[in-house]
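Residue numbers (this note's numbering): 11 to 177.
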């Protein structure tokens with residue numbers, strides 16, 4: 011719902027909001043609820059900016075710098091932004107890889123499906139683990155059984171994480 015999205019945009023004081031296919035009306039829906047005035051960038055404009063903007067050097071984030079902010083579900087009021095550092099985000103990958111667990115052994119030809127909500131660590135975490143391993147991610151806007159099977163059949167997906175309710 012627009013007020014919920016706007017809450018997160020306001021809380022983060024976002025200067026840019028990227029919208030993709032299916033979210034073309036997000037700006038119109040969010041504007042009445044925003045306390046700041048972020049720039050909305052659609053898919054085509056984002057692609058054009060990537061192609062035409064001069065690359066600049068940047069300072070890499072350190073291990074304790076916040077690199078990701080996820081929101082709680084807000085069951086006791088407004089959602090709370092939870093900042094994760096590089097150390098938080100990648101500690102799980104290192105710990106499980108060092109333990110030699112089968113699900114953390116990645117092959118170079120794998121494709122990882124990201125189908126769980128990216129507002130939660132389960133969805134985002136798997137995508138980050140794939141990225142850190144140099145693997146491509148196949149991202150679904152929302153989980154559906156047909157989407158899962160299509161991703162396996164046409165997208166070459168070899169790994170995915172889903173919650174029991176999706177089974």
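Here a beta-carbon is modelled for each residue, glycine too, at the ideal position from N, C-alpha and C.
Selected residue, minimal CA-CA separation from residue 52, among 97, 31, 68, 45: 31
Can you find at least 3 beta carbon pairs, one from the region 135 to 142 and one from the region 108 to 124, that sit closer than 8 angstroms? yes
Is residue 172 helix, strand or coil by DSSP? coil
Do you know how far the Cα of residue 131 is from the Cα of residue 101? 13 angstroms
Between residue 92 and residue 162, what straight-line distance do the alpha-carbon atoms span, to the nearest angstrom? Roughly 32 angstroms separates the two Cα atoms.
Residue 50, DSSP secondary structure in three states: strand
Just to confirm, are residue 95 and residue 108 a CB contact at a threshold of 8 angstroms? no
For the alpha helix (DSSP H) holding residue 76, just list the boundary residues, first then last. For residue 76, no alpha helix (DSSP H) segment is defined; the enclosing uninterrupted segment is the beta strand (DSSP E) at 76 to 81.
Determine the extent of the alpha helix (DSSP H) in which residue 35 is found, giving its start and end residues. From DSSP, residue 35 is part of no alpha helix (DSSP H); its letter is neither H nor E.
Collapsed DSSP secondary structure at residue 18 in the structure displayed: helix
Beta-carbon spacing of residue 16, residue 40 below 8 angstroms: yes
Cβ-based neighbour list, residue 3, same chain, cut-off 6 angstroms, excluding 5 preceding and 5 following: Beyond the ends of the chain as shown, which are 11 and 177, falls residue 3; an answer cannot be given.
Buried/exposed call for residue 8, threshold 16 Cβ in 10 Å: Summary: the structure shown does not reach residue 8, with the chain confined to residues 11 through 177, and so no result is reported for it.
By the 10 Å Cβ neighbour count, where 16 or more other Cβ atoms means buried, how is residue 111 classified, buried or exposed? exposed
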